[in-house]
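Residue numbers (our numbering): 8 to 482. The structure appears below as C-alpha cells.
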Amino acid sequence: MKPFVMQRLSAFLAAALPLAAPVGAQNTTPATVAFVDVNVIPMDRERVLEGQTVIVRDGRIVSVEPSARARVPSGALRVDGRGKYLLPGLAEMHAHIPGAQASEQVIRDIFTLYVANGVTTIRGMLGAPNQLTLRAKTASGEMLGPTIFVGAPSLNGNSAGDPATAARLVREHKAAGYDFLKLHPGIPRTSYDSIVAAARAVGITYAGHISQGVGLEHTLASRQSTIDHLDGYLEAAVPMEARARVFADGATLGDMISAIDPSRFAALAADTRKAGTWNVPTAFLWESFFSPEAPEDMAKRAEMKYAPPQWINGWSNQKRNRIQQDQMNGVSPDVSTRYLSLRRTLLKTLADSGAPLLMGTDSPQMFNVPGFALHHEIAVMRQAGLTPWQVLESGTRNVAEYAARDLKLDGKFGTVTAGNRADLILLDANPLTDVGNVAKRAGVMVRGRWLPAAELDRMLAEMAARHSGAPRGEQ
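Right, dumping it as C-alpha cells:
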C-alpha cells in the first residue's frame, strides 16, 4: 500500500476536464463609471467608508471621496450604491486553465464562472503555451475574464529528475514568458536546489507543493514563494523520530494522524512568517475528499447546474474510488474527522501568527466549480476560526502584495484606492459582519468593465440551460 504522501500526488496530477460552450458579452461600459453613495471597504485596513462616490475611468480608479463633495463627470455611467458595499475583486490563487486542446469557447465558460462570482484575478497552476495568449487577451479586454498569472508546466520528479534537466527547464520557462514555476511532488532535493539556484539567476519565482525529499524546513529556508495545500506542514508536525515509520511503505493516513504533534504548529507558523512564504490552503478541496457525503448528493449542489455532465460524472467516479481506497486503507469516518480538524487548526494557527495567506481552491476538480468553490472555501476558513477580515485579506490586498513582491508584476489592485486597477465587487450586504455576504453580489467590475447582477445572472442561466437534462453523477 502506498504511503499517504504518495497518494496525494496522483490527486493533483489529474488532468482537468473540458468545459462546454461559451458565454460572452460585448463591452458596452462607458469609459467613466461612478459608484454613487456607496459604502466602501477599501481593504487597506479594517474599516468601512460610508457614503462615498468612487469614480472609475479607463479601467482605473480615479477617486474615492465623500459623495457630498464628489463631482460625477458628465456622461459617466452612474451606479446607485445606496445601502451597498464596494470592495476589491477576489482572487483564485490555485486555478487550473485548460491547455491547447480546449477551444476558446470552452475557456470562456471558465472565465465567466470566475467573473460571475467576483473573482477578478486567478493564478493558473499548471501552465501551457496557450495560457500566455489567454493572459494577453483578458488583459486587453479582448476576452472577458480575470487577470491571469500563468504558471509554467510542471516541475516534478519525472520532468526534473536531475539537477541539469531542472536548471534547463527553469531557463526555458523563464524565456517562454511564464510568471512563475509550478512545483509538484517527487522532486529530489538536488533537483530542487538546482531549480532554486537557476530561478534566482534568471529572476523567476517558484511555488506549489512540498516534495517529501525536500521537506518544509528546507522549502522555507529556500524562500519558496507559496506553499499550496498545507500537506507539508502536517508532515513536518510529525516528530523526527517517528517520520521513518509514518512515511514508510504501508503507512496509512491514520498512522500519520496519530503521529502529528499539533503543538509544533505554532513554531512552523512562526518560521513561515519569518520566511515570508505565502500559503494557499485549498481547504474545501480536502473537505470534499474526506466528506461523508455520497457523490450523488454532492452532484446535487446548487452550482453543479453550471458544470458540464462530464465534469460531474468524472468527479462522482473520483469520489467513489476515493471512498473505496479509504475503506481499504482503514480511513474511517473518525480518522477523516480528526484529519480535517487538524487541517483547520493548522490554518487558524498560520493566520493568527501572521503567516500570510492567499485564497485558493484548486478549481476545477472534485466538485469544485470555478468561482462557486471560492464561497465554500470562505465558509471553511470561517469554520476554522478566521475572522472575516483575515478571509477577505487573503483574497484581495495580500494578492496584490504577492504580485508585486514575488511575481514583479503590477500590484496596483486589491484595495479601493485611486490609481488602482478597477477590479471591484458591489455587494448587497457587509462582508465584514458576515463574510458569506460576498455571494450577495449586485455586480462585478473587471478592469473597468461593469457587469450588473442581471447580466451575470443571464450569462449563468445560459450556461445552465446548455447542461440541463443531462444525467449527473450516475454510473
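We put the beta carbon where it would ideally sit given N, CA and C, even for glycine.
Between residue 189 and residue 227, the gap from beta carbon to beta carbon reaches 8 Å or more. One Cα belongs to residue 240, the other to residue 464, and the distance between them is close to 40 Å. Two segments are said to touch when three or more pairs of C-beta atoms, one from each, lie closer than 8 Å; by this definition the stretch 104-112 does not touch the stretch 407-427. Rounded to the nearest angstrom, the Cβ distance from residue 350 to residue 290 is 6 Å, consistent with a contact under 8 Å.
Across the structure, residue 124 and residue 247 are spaced so that their CA atoms are roughly 43 Å apart. Beta-bridge pairing by DSSP links residue 70 to 62. The stretch 267-276 and the stretch 338-355 touch, with three or more beta-carbon pairs separated by less than 8 Å.
Beta-carbon to beta-carbon, residue 85 and residue 43 are separated by about 5 Å, close enough to satisfy the 8 Å threshold. In the three-state DSSP reduction, residue 156 falls in the strand class (E or B). For residue 104, no beta strand (DSSP E) run applies, since DSSP gives it neither H nor E.
Ranked by Cα distance from residue 117, the first of 137, 153 and 146 is 153.
Annotation: residue 345 is outside any beta strand (DSSP E); the continuous alpha helix (DSSP H) that includes it extends over 340-360. Looking at the DSSP output, residue 41 sits in a beta bridge with 62 and 85.
Distance between residue 356 and residue 146, taken at the CA atoms: about 36 Å.
In the three-state reduction of the DSSP assignment, residue 466 falls in the helix class. For residue 53, the CB contacts under 8 Å within the same chain, skipping 5 residues up- and downstream, are 396 and 439 in chain order. Within the stretch 272-318, the complete beta strand (DSSP E) segments of 3 residues or longer fall at 285-287, listed in chain order. Looking at the DSSP output, residue 98 sits in a beta bridge with 128. Around the beta carbon of residue 341, fewer than 16 other beta carbons sit within 10 angstroms, so the residue counts as exposed.
A distance below 6 Å between beta-carbons, with the five flanking residues on each side excluded, links residue 184 to the following residues of its chain, in chain order: 139. Going by DSSP, residue 207 is part of the alpha helix (DSSP H) stretching over 196-209. Looking from the CA of residue 461, the closest CA among 449, 472, 455 and 50 belongs to 449.
Our two residues, residue 91 and residue 45, have alpha carbons roughly 6 Å apart in a direct line. The beta carbon of residue 229 lies closer than 7 Å to those of 203 in the same chain, with the five residues before and after it left out.
Residue 212 holds the alpha-carbon nearest to the alpha-carbon of residue 178 among 151, 212, 191 and 148.
Take residue 134, set aside five residues on each side of it, and the residues of its chain with a beta-carbon closer than 7 Å to its own are 157, 158, 159, 160, 185 and 189, in chain order.
Annotated three-state conformation of residue 459 is strand, per DSSP.
Listed as beta-bridge partners of residue 432 by DSSP are 94 and 451. Exclusion of the five residues before and after residue 391 leaves 351, 354 and 355 as the residues of its chain whose Cβ lies within less than 6 Å of its Cβ.
Linking residue 454 to residue 432 through their CA atoms gives a straight-line distance of about 11 Å. A direct Cα-to-Cα measurement between residue 220 and residue 434 gives close to 46 Å.
With fewer than 16 other Cβ atoms from the protein chains shown falling within 10 Å of its own Cβ, residue 76 counts as exposed.
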